[in-house]
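Protein sequences appear in the order of chains A and B.
Residues in the first sequence are numbered consecutively from 0, following numbering that gives the first Met the number 0.
Residues in the second sequence are numbered consecutively from 0, following numbering that gives the first Met the number 0.
Yeah, the Cβ is synthetic: ideal placement off N, Cα and C, and Gly gets one too.
Number of protein chains: 2
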Amino acid sequence: MSGNTFSFALLNTDGRARRGEVTTPHGVVQTPAFMPVGTQGTVKAMRHRDLEEAGAQIILGNTYHLYLRPGDQLIARRGGLHRFIGWDHPIVTDSGGYQVFSLSDRRTITENGAQFRSHLDGSAHLLTPESAVDIQARLGSDIAMVLDECLAYPASRDEAAHSTDRSVRWARRCRDRLRELRGGQHGDVIVSSPGQAQFGIVQGGIYQDLRDLSAAATVAIGFEGYAIGGLSVGEPIDLMYSIVSDTARRLPEDHPRYLMGAGTPEDLVECVARGIDMFDCVLPTRNARNGQLFTSEGRLNIKNARFADDDGPLDPQCGCYTCRTHSRAYLRHLYMAGEMTAGALNTLHNLSFYLDTMGRIRDAISLRTFDRFRQEFLRSASRLSLDS
Amino acid sequence: MSGNTFSFALLNTDGRARRGEVTTPHGVVQTPAFMPVGTQGTVKAMRHRDLEEAGAQIILGNTYHLYLRPGDQLIARRGGLHRFIGWDHPIVTDSGGYQVFSLSDRRTITENGAQFRSHLDGSAHLLTPESAVDIQARLGSDIAMVLDECLAYPASRDEAAHSTDRSVRWARRCRDRLRELRGGQHGDVIVSSPGQAQFGIVQGGIYQDLRDLSAAATVAIGFEGYAIGGLSVGEPIDLMYSIVSDTARRLPEDHPRYLMGAGTPEDLVECVARGIDMFDCVLPTRNARNGQLFTSEGRLNIKNARFADDDGPLDPQCGCYTCRTHSRAYLRHLYMAGEMTAGALNTLHNLSFYLDTMGRIRDAISLRTFDRFRQEFLRSASRLSLDS
């Protein structure tokens, strides 16, 4: 890939599970990888060094939020998102589409793009495939995503077909725009990271034939990587796994595959088993702030009165700072008292659990013991919800 | 002091400034010392290791808050406050009086003590000199404070005289109760830290003759250390400095002197110059969460629009993680976006600034250059408020 330091190396496989390395302008990401969500240029309640300690190799930034505040132009003036936030590791940005589509009564979609009003001040904006590319160029993320149409669930086959076609047309416009930026045709757009890669997104709702068409058309355009979008939006879990499985088969082996917005720890293991390399999800961070914790013994809700006198660590198997230092009794107290420290300690644990899980997944694939790991992991996870 | 590992060593003096060491059951505190406020068993927005990194040697816990939630009985069952919160360094607790007196229409004061209703659930409670001692014994802090009556400002001389007399009577009851606890006379009270010290508190409002009487009576009772209370409550700054100066002269040289609830960085330097050894104040932590930052160049408000494009560190003279890692532009963004990370990064800086200042004060006293340090410090501090 000339003019582009992005590359993907498939190191080994175990069944359909893949162990690989994504190389970006800001470093290497070991896959399968989980990417913590840093919506506004920070992973909520975490300092960057906490993320490094938890094992994060890459984080996700949300284009919609950063575009509105502090603004992609300001970030470009500061030298791009990495320099602005002080994070010297890889970053992926989404296209902003998902948030804009979520604004429901504040947005209008046309073939040209999405007109919307800011949730902050009501100001009017237009997000097109081209502007989504330009904004992400200014942000200078290592991996940019194409603008796609986010289909509501449930949707009829007709709706899904029309939407999928539009997403393919938008993907083509995004790729054209990036090619022009790389060729220096838009001098007014500051390109903060010339080595930025761009991933296409396969849509198609729950209709596998549409997914197949979308995958073929997206691969035909040609991207550095391929994402599966529009899942984990309310469909039954088995249907999601089945679509992931069949869609991953349609994607080229020599490019990374990214399942957007998923999921639970079990989802990570199950979708790695179906050939996925990259994940992002707010679940570990958002749930942590709500007192919902993931442990090797299942989930627990730290609010539960049974923890008031519990001197044990959150997760006896976990080596994170929270588990090394504090008891469940203290963590419950912090949560009940409304202390910010609760959010920080809980988030550090949940992310450590997610990222440790990814490390164990990678080790198991390397050792070709992934299937045994998967069975044991799912048994532990289902053994108990300590409460809920 | 038999049965008590608490001690104070005066290492050297420079003018009236004192360099010393307070030895407690949980370690040594270098004085002059600043004690960050950890109201509910955590310094807001800080993890314990952040405090250690910033240089905190001792923190303060609030008895009123901990008594109500999670409860001193629960904390005693967990082995005391240190074990409960996972902080293995010294802790001082206040008596709970200050918070109860602040409840104004929710409390009634009699000679016996203070009846009050919880700000959490309206439940009725009675705080007496004896129960304040018992609660702190259960918490197991290294330094406990006597229950004193907190005089409103302004107060007439008569009001002040009556209140001061009562505080002395309460101090005597507190000391008697501690002696009984140490003698094992109240087997129903769990004593979490047998080596706990107890400090008396000098009151007297703004009337120096009352302060003198209070100091003499408090010293006559005999405590491991002496605090000056009831200042920094709205009186003119010069009056505060003058009362601190004259009251400190009445306190024994071989015991630590603690000015409660102060203050600004300038207050710390000015009161060290008048013979104070220990301080606590919410200013660095509370202000940090409100975007008010202390720097070697003066104070600044990170909200200010002028910082939006400022790539410089918060304080070029500061070596804390926040200043090493992030720009003013990013810190402003986090604050404006309402991110918890803003509170964490700002608090780490403000506490680092306060604790670094204490370290520089201690060095200056050791080198007998405190007067020059003081003049330079006050010049820098007054040079500018970058805004406000």
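One or two residues paired with residue i in a DSSP bridge
i: B/Pro35; result: B/Cys280
i: B/Asn300; result: B/Gln291
i: A/His124; result: A/Phe115
i: B/Glu148; result: Answer is none; B/Glu148 lacks a bridge partner.
i: A/Val6; result: Sequence check: residue 6 of chain A is Ser here, not Val. For A/Ser6, which the question treats as bridged, DSSP gives the partners A/Thr22.
i: A/Arg171; result: Paired residue(s): none; A/Arg171 is not in a bridge.
i: A/Arg17; result: A/Thr12
i: B/Val91; result: B/Leu59 and B/Ile142
i: A/Gln197; result: A/Ala143
i: A/Ile108; result: A/Ala113
i: B/Ala226; result: B/Ile200 and B/Tyr257
i: A/Thr30; result: A/Gly19
Cβ pair residue i, residue j closer than 8 angstroms
i: A/Ile200; j: A/Val145; result: yes
i: A/Thr107; j: A/Val167; result: no
i: A/Phe198; j: A/Ala160; result: no
i: A/Ala170; j: A/Ile220; result: yes
i: A/Cys317; j: A/Thr294; result: yes
i: A/Thr30; j: A/Asp187; result: no
i: A/Met239; j: B/Thr340; result: no
i: A/Arg249; j: A/Asp211; result: yes
i: A/Leu292; j: A/Arg298; result: yes
i: B/Ser140; j: B/Gly60; result: yes
i: A/Ser231; j: A/Gly262; result: yes
i: B/Leu313; j: B/Arg327; result: yes
i: A/Thr92; j: A/Ala143; result: yes
i: B/Val268; j: B/Leu377; result: yes
i: B/Thr41; j: A/Leu333; result: yes
Distance, residue j Cα to residue i Cα
i: B/Asp308; j: A/Ala215; result: 44 angstroms
i: B/Ala131; j: A/Ser94; result: 58 angstroms
i: A/Leu385; j: A/Glu296; result: Because A/Leu385 carries a pLDDT of 45, less than 50, the predicted location of this residue cannot be relied on, and no value is offered for it.
i: B/Arg137; j: B/Gln195; result: 11 angstroms
i: A/Gly85; j: B/Arg331; result: 14 angstroms
i: B/Asp245; j: B/Thr22; result: 26 angstroms
i: A/Ser387; j: A/Gly290; result: At A/Ser387 the pLDDT is 42, less than 50, meaning the model places this residue with poor confidence and gives no usable figure here.
i: B/Leu347; j: B/Gln202; result: 33 angstroms
i: B/Met0; j: B/Ala8; result: Here the model assigns B/Met0 a pLDDT of 36, short of 50, so the residue's position is not dependable and the matter cannot be decided.
i: B/Gly79; j: B/Gly112; result: 25 angstroms
i: A/Tyr320; j: B/Tyr66; result: 27 angstroms
i: B/Tyr329; j: A/Phe5; result: 27 angstroms
i: A/Met259; j: A/Tyr97; result: 11 angstroms
i: B/Pro251; j: B/Arg18; result: 15 angstroms
i: B/Asp266; j: B/Tyr63; result: 26 angstroms
i: A/Gly70; j: A/Arg76; result: 10 angstroms
i: A/Phe115; j: B/Phe372; result: 57 angstroms
i: B/Thr127; j: B/Cys173; result: 9 angstroms
i: A/Gly2; j: A/Arg361; result: Below a pLDDT of 50, predicted positions are generally treated as unreliable, and A/Gly2, at 42, falls in that range; no measurement from the model is reported.
i: B/Pro264; j: B/Gly182; result: 41 angstroms
i: A/Phe100; j: A/Gly229; result: 12 angstroms
i: A/Arg288; j: B/Phe222; result: 44 angstroms
i: B/Val243; j: B/Phe278; result: 12 angstroms
i: B/Ser103; j: B/Arg68; result: 20 angstroms
i: B/Ala363; j: B/Thr356; result: 10 angstroms
i: B/His25; j: B/Gly358; result: 20 angstroms
Residue i CB to nearest heavy atom of the ligand FAD below 7 angstroms
i: B/Thr127; result: No copy of the ligand FAD occurs in the structure displayed, which carries no ligand at all.
8 angstroms Cβ cut-off: residues of chain B touching residue i
i: A/His47; result: Thr324
i: A/Gly79; result: The contacting residues do not exist; A/Gly79 stays about 12 angstroms from chain B at best.
i: A/Ala307; result: Pro69 and Leu73
Neighbour list for residue i in chain A, Cβ cutoff strictly below 9 angstroms
i: B/Ala196; result: By Cβ distance, chain A contributes nothing, its closest Cβ being about 25 angstroms from B/Ala196, past 9 angstroms.
Per-residue contacts from residue i into chain B (C-beta, under 9 angstroms)
i: A/Arg68; result: His332, Met335 and Ala336
i: A/Ala44; result: Glu338, Met339, Thr340 and Ala343
Proximal residues of chain A, C-beta to C-beta of residue i below 7 angstroms
i: B/Asp310; result: Arg77
Residues that residue i contacts on chain B, provided the C-beta gap is smaller than 7 angstroms
i: A/Tyr225; result: Here the premise fails: no neighbours, minimum Cβ distance about 31 angstroms.
i: A/Thr41; result: Leu333, Glu338 and Thr340
i: A/Gly85; result: Thr324, His325 and Tyr329
Contact set between residue i and chain C, taken where Cβ atoms lie within less than 8 angstroms
i: B/Tyr320; result: Among the protein chains of the structure shown, namely A and B, there is no chain C.
> Given 8 angstroms as the limit, is there contact between the stretch 6 to 19 of chain A and the stretch 266 to 273 of chain A, that is, 3 or more CB pairs closer than that?
Replying inline: yes
>> Could you check whether the stretch 50 to 60 of chain A touches the stretch 117 to 125 of chain A, counting it as contact only if at least three pairs of C-beta atoms, one from each stretch, sit closer than 8 angstroms?
In response: no
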